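Note sheet for the following structure.
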Amino acid sequence: MCLAIPGKLLERFDENGLSMGTIDVNGATTRACLEYVPEIEVGQYTIVHAGFALKIIDEAEASESLKLWQELIESGAFDIDEELPSPDQI
Amino acid sequence: MKSFLPRTRYEGLRMKYIDEYRDPALARKILDAIGRKATRRWTIMEICGGQTHSILRNGIDQLLPEQIELVHGPGCPVCVTPLESIERALVIATRKEVIFTSFGDMLRVPGSSSDLFMVRSQGGDVRIVFSPLDALRIARENPQKEVVFFAVGFETTAPANAMAVYQASREGIENFSVLVSQVMVPPAMKAILSSPANRVQGFLAAGHVCAIMGYEEYEPVAREFNVPVVPTGFEPVDLLAGILETVELCEAGRAEVVNRYGRVVSREGNLAAKQTIAKVFEVTDRQWRGIGLIPASGLGLREEFSRFDACKKFDVAHIHADESPLCMSGSVLQGVLKPDGCAAFGRECTPQHPLGATMVSSEGACAAYYNYHRTFDSL
Ligand code: SF4
């Protein structure tokens, strides 16, 4: 029930006074209510739960965090070079 | 060592926001970093059943350095829906005038002597829907019937369930009602942390719950109980980055909330969704299956929407039920016992013949252990 994966908005329409959309989730299309993401545009990615789009995926943040992880790892920043606190300090 | 990253049926397709977070090389590097950072043992709980499923499927629990132990939390809605709600659902679904609608994974959850599938096989009109709006559509199309939706779940289903009720009220659809068993994560975390048996030193917070509620509400929990809380996602890189952050915070003695799921989670969450939840629901005490009553841990319909309350409409509020004494799922859900520590695990209790709800849902810890091997050495 809680495994929502990202889908891409293909089109929007109104139904019974609610803002709805067709969403492509890995090639399978599904319908979702867009009332909670009123600013979403066709082509954007969103998380869908129980038939509702709940959050537009922040593209800038997504590529930023991936880049950051890569860089941190490649720079060796994860190597132990500072003195670690001893357990009794914690 | 178990190979990392499963083959999926999508293999060959590039999937945006998924493939990058399944990159084995990146995952391996984060694993190494966790190994270097962890100077002592840490016990970390992932709250969300979806994360439990992903951790076991990807073998993350086995790839982690031995100082890091993951324990699995109560965040599976199917698992914590109390027995009395199941019994009430069964009574309502049996009625001739009712079309009973539910998310599919609730149908096999055992009540004291039956389940919704059995009601269906005996002639009950029980239908699986993916959204409460589908249930509302069925009500619109069947005005001569009473359509009931089983509104279970955590904060992730609350916006959908709230909107269905709100929309029914707006459209004047009076043959629609909801059987509400809606629960919330922060009170469950506090219950776990307050228990004398608690072993949890840091939390991975459930990414999609936080997408709606934000992570603001975890800040007082982190301060009060002196534990770090790290919202993260479901893919291996998300989970490992979340674990790395939690380990770093534990090592530094910093009881803070640090978001590791920035593409989906913000501090304040989805305000429109929170508003609709607050319009339709109010906070109530709630029974949790296997755990018992947790004060102020659930949502119930506000007075203005009480005509959509299936419990009242069908007069089933008096139905109570006791758990089977065999099932240890309460301890499993609180991270005190691993599923394979239960005497019935894999013997009397299997996904084909589940004794407890944690064996029914694929997000339940017992089913995840059964399906992904963590086991049979001792059997
Ligand atoms: S293995 Fe079965 S009986 Fe044991 S705790 Fe899990 S669900 Fe309950």
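These protein sequence lines are chains X and U, in that order. By numbering that gives the first Met the number 0, the letter at position 10 of the first sequence is numbered 9, and the numbering carries on one by one without gaps. By numbering that gives the first Met the number 0, the letter at position 368 of the second sequence is numbered 367, and the numbering carries on one by one without gaps. Idealized CB from N, CA, C, for every residue including glycine. A quick note: this is a predicted structure, and the numbers were derived from the prediction, not measured.
Neighbours of U/A159 in chain X, taken as residues at a C-beta separation under 8 Å, are given in chain order as C32, H48, A49, G50 and F51. Under the 8 Å Cβ criterion, the segment 250-267 of chain U does not count as touching the segment 18-28 of chain X, having fewer than three qualifying pairs. Per DSSP, the beta bridge partners of X/A27 are X/V24. At least 8 Å separates the beta-carbon of X/H48 from that of U/A134. According to the DSSP assignment, X/E14 belongs to the beta strand (DSSP E) that extends over P5 to E14.
Secondary structure of U/E281 (DSSP, three-state): strand. In the displayed model, U/Q286 falls within a strand according to three-state DSSP.
Listed in chain order, the alpha helix (DSSP H) elements of length 4 or more contained wholly in the segment 115-164 of chain U are 115-120 and 131-140. Checking the 7 Å criterion, the Cβ of U/M327 is within range of a heavy atom belonging to the ligand SF4. U/V226 counts as buried, since at least 16 other C-beta atoms from the protein chains shown sit within 10 angstroms of its C-beta. Across the set U/Y368, U/K311 and U/C326, the C-alpha of U/K311 shows the shortest separation from the C-alpha of U/F175. At a cut-off of 8 Å between C-beta atoms, U/A92 does not count as an interface residue with respect to chain X. With fewer than three CB-CB distances shorter than 8 Å, the segment 80-92 of chain U does not count as touching the segment 55-63 of chain U. In this structure, U/G355 has its CB closer than 7 Å to one or more heavy atoms of the ligand SF4. In the structure shown, U/Q181 falls within a strand segment according to DSSP collapsed to helix, strand and coil.
Take the alpha-carbon of U/R27 and the one of U/I98: they are about 50 Å apart.
In terms of Cα proximity to U/A204, the closest of U/A316, U/N141, U/E45 and U/D124 is U/E45.
Taken in chain order, the members of the segment 162-176 of chain U whose beta-carbon sits within less than 8 Å of a beta-carbon on chain X are M162, Q166, R169 and E170. Using a Cβ-Cβ cut-off of 8 Å, U/N141 is close to nothing in chain X; its nearest Cβ partner there is about 16 Å away.
In this structure, DSSP gives X/L33 a state outside helix and strand, which the three-state scheme calls coil. For X/L17, a Cβ of chain U is located within less than 8 Å of the residue's own Cβ. Excluding residues up to 5 positions away in sequence, P81 and L292 lie with their Cβ nearer than 6 Å to the Cβ of U/Q286 in the same chain. Taking 8 Å as the upper bound for CB-CB distance, U/G74 and U/G103 are not in contact here, some 19 Å apart. Secondary structure at U/V220: helix, using DSSP grouped into helix, strand and coil. At a beta-carbon threshold of 9 Å, the residues of chain X lying near U/E19 are A61, S62 and L65, ordered along the chain.
In the structure shown, U/V263 falls within a coil segment according to DSSP collapsed to helix, strand and coil. For X/K54, the enclosing beta strand (DSSP E) stretches over residues F51 to I55.
A Cβ-Cβ distance of about 25 Å is found for the pair U/A196 and U/V359, leaving them out of contact under the 8 Å criterion. Among the bridge pairs identified by DSSP, U/F175 is matched with U/V146. With contact defined as three or more Cβ pairs closer than 8 Å, the segment 244-259 of chain U and the segment 213-229 of chain U are in contact.
The Cβ atoms of U/F149 and U/L178 sit closer than 8 Å to each other.
Distance from the C-beta of U/M358 to the nearest heavy atom of the ligand SF4 is below 7 Å. Judged by their CB atoms, U/T42 and U/R198 are nearer to each other than the 8 Å cut-off. Taking the Cβ of U/C75 as the reference point, every heavy atom of the ligand SF4 lies at 7 Å or farther away. Listed along the chain, the chain X residues whose CB falls inside 8 Å of the CB of U/D133 are G50.
Its Cα nearest to that of U/V315, the residue U/I91 stands out among U/A32, U/V257 and U/I91.
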